[in-house]
Amino acid sequence: MARTALITGISGQDGAYLAQFLLGMGYRVVGGLRRSSSGAIARLHERLHELQIADDIALVDFDLAEITNIMRTLETVKPDEIYNLAAQSFVALSFDQPIYTTEVDGVGPLRLLEAVRQLTPTARFYQASTSEMFGKARTAPQDETTPFYPRSPYGFAKLLGHWATVNYRESYGLRASSGILFNHESPLRGREFVTRKITLSLARIKHGDLDVLELGNLEAKRDWGFAGDYVKGMWQMLQQDEADDFVLASGESHTVRSFVETAARRLGFDLEWVGAGAYERGIDRRSGKLLVRVNPALYRPAEVDALVGNSKKARQVLGWQPAIGFDELVTLMAEADERRVRDNSVRV
Ligand code: G4F
165 MARTALITGI SGQDGAYLAQ FLLGMGYRVV GGLRRSSSGA IARLHERLHE
215 LQIADDIALV DFDLAEITNI MRTLETVKPD EIYNLAAQSF VALSFDQPIY
265 TTEVDGVGPL RLLEAVRQLT PTARFYQAST SEMFGKARTA PQDETTPFYP
315 RSPYGFAKLL GHWATVNYRE SYGLRASSGI LFNHESPLRG REFVTRKITL
365 SLARIKHGDL DVLELGNLEA KRDWGFAGDY VKGMWQMLQQ DEADDFVLAS
415 GESHTVRSFV ETAARRLGFD LEWVGAGAYE RGIDRRSGKL LVRVNPALYR
465 PAEVDALVGN SKKARQVLGW QPAIGFDELV TLMAEADERR VRDNSVRV
């Protein structure tokens, strides 16, 4: 009989890629979806439609803030594997909504773990943890042994979810693993994250659909990989005999500035920077047009300056190996967004 996987947060980038991967492996996939009104449901399906898997997934209403809903879902779905991807995942928003973010990203996984302990204790459990937990890291690269120093409500909320996962594994023997994933992007990335904001905005500027791209901190460094590679690692973690924690990362770090430069090049611009700090601007040498402007309102109250991961453990124990590198990732995203803008089909 096919194994059943429950994916919370099915409407997000990772939910869509993971569902596609698990369907390919013969799983029955049930996707948990949080919706506030029936009118919003079509938009929540967009990523599943883009991957042409919307009809292959059973959807259930799911909210990490509501314990009765969590328990009912586990009782009816009876999952063999649970992937907890649901979260308020935008770091900048967590400064404005710290309590909501902690409720969903920190107490939410705890609620789910407690329900798993009581109702489906043999199910394998994946918690979507994050490199944001390393925050102001004192050493580089970061791995499973690096001390945590979160720099945002999102970071400390996720740290609660991570430790709850470790504790339920150690206290009750749950097969609960925590994947500490560095930034992972794709053409299905939400438009609020910096990579997708850059590729979509530059494609729009090229096609006369937007005036200028406004960004915050250009010097932040991130370890960016392709989301499709990372969801496979999530599944590999749950196939181990022993649950454990794993870092998934590319091992390369690039600045936001360098992401902009690479994307601009892919879209045919010849970007030149002028000015400095809050007054810095990016101009297209060929046309003289202003492409990028710094907007200090986009700076964060506390920033994670630089992240770079060491995924040696995942590579050795799981055999995990990312296939797509930085240049290919930027190209993939820039080309997808240019196609969408040209065809007037920006839905995701
Ligand atoms: O793309 P970001 O918003 O991603 P961030 O904050 O690194 O978080 C992402 O990765 C985490 C994994 O480490 C996930 F856990 C989390 O859920 C999310 O997926 O910002 C990246 C960097 C930051 O330093 C930010 O200050 O880009 C900088 N940045 C500069 N201008 C901007 C902008 N970020 C955004 N979103 N928008 C800007 O205009």
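Letter by letter, the sequence shown follows residues 165 to 512 in our numbering. Yeah, the Cβ is synthetic: ideal placement off N, Cα and C, and Gly gets one too. Source: prediction; values computed, not measured.
Whether residue i touches residue j by CB criterion (9 Å)
i: Y394; j: D178; result: yes
i: L471; j: D387; result: yes
i: S350; j: L493; result: yes
i: V424; j: I362; result: yes
i: V505; j: L364; result: yes
i: S414; j: F490; result: yes
i: P285; j: G325; result: no
i: I263; j: L223; result: no
i: D434; j: R449; result: yes
i: E378; j: V255; result: no
i: Q306; j: G432; result: no
i: R211; j: L352; result: yes
i: I221; j: V194; result: yes
i: A384; j: E444; result: no
i: P465; j: F259; result: yes
i: R527; j: A250; result: Residue 527 falls outside the range modelled here, since the chain spans only 165 to 512, and no answer is possible.
i: S253; j: G196; result: no
i: L215; j: Q261; result: no
i: R429; j: H213; result: no
i: I246; j: L170; result: yes
i: T359; j: M497; result: yes
Sheet register partners of residue i (DSSP bridge)
i: S341; result: Y290
i: Q306; result: G473
i: A279; result: For A279, which the question treats as bridged, DSSP gives no partner whatsoever.
i: T266; result: The partner list for T266 (beta bridge, DSSP) is empty, contrary to what the question assumes.
i: W437; result: G446
i: R353; result: Answer is none; R353 lacks a bridge partner.
i: M453; result: For the sequence presented, residue 453 should be read as Lys rather than Met. Note: K453 sits in no beta bridge, so no partner.
i: K385; result: T419 and A470
i: V271; result: In DSSP, V271 forms no bridge with anything.
i: V424; result: None; V424 has no bridge partner.
i: V458; result: L379
Cβ separation of residue i and residue j, assumed to be a contact under 8 Å, to the nearest whole Å
i: L366; j: L462; result: Actually they do not touch by this definition, with Cβ atoms about 16 Å apart.
i: L345; j: L257; result: Wrong, their Cβ atoms sit about 19 Å apart, outside the cutoff.
i: A407; j: S341; result: 5 Å
i: G343; j: M297; result: Actually they do not touch by this definition, with Cβ atoms about 12 Å apart.
i: T168; j: D244; result: 5 Å
i: L382; j: V438; result: Rounded, the Cβ-Cβ distance is 13 Å, inconsistent with contact.
i: L228; j: T172; result: 7 Å
i: F390; j: H418; result: Rounded, the Cβ-Cβ distance is 14 Å, inconsistent with contact.
i: Y290; j: N233; result: No, Y290 and N233 are not in contact; Cβ-Cβ is about 20 Å, not under 8 Å.
i: M401; j: L482; result: 7 Å
i: A321; j: G270; result: 4 Å
i: E308; j: D409; result: 6 Å
i: A218; j: G190; result: Not confirmed; about 19 Å, so no contact.
i: K300; j: E502; result: Not a contact, Cβ separation roughly 36 Å.
Extent of the continuous beta strand (DSSP E) run through residue i
i: N248; result: E245 to N248
i: L366; result: Note, L366: premise wrong, no beta strand (DSSP E); alpha helix (DSSP H) at V358 to K370.
i: F254; result: Neither: F254 is in no beta strand (DSSP E) and is coded neither H nor E.
i: V411; result: D409 to L412
i: E378; result: L377 to L379
i: A222; result: A222 to D225
i: R192; result: R192 to L197
i: A169; result: T168 to T172
Span of the alpha helix (DSSP H) around residue i
i: G397; result: A391 to L402
i: G188; result: Q177 to G188
i: G325; result: P317 to Y336
i: V494; result: F490 to R506
i: T232; result: I231 to V241
i: R211; result: E210 to E214
Any chain B beta carbon closer than 9 Å to residue i
i: L283; result: Judged by its chain identifiers, the structure shown contains no chain B, having just a single protein chain.
Residue i Cβ short of 8 Å to the ligand FMN heavy atom set
i: R281; result: Among the ligands in the structure shown, the ligand FMN does not appear; only the ligand G4F can be found there.
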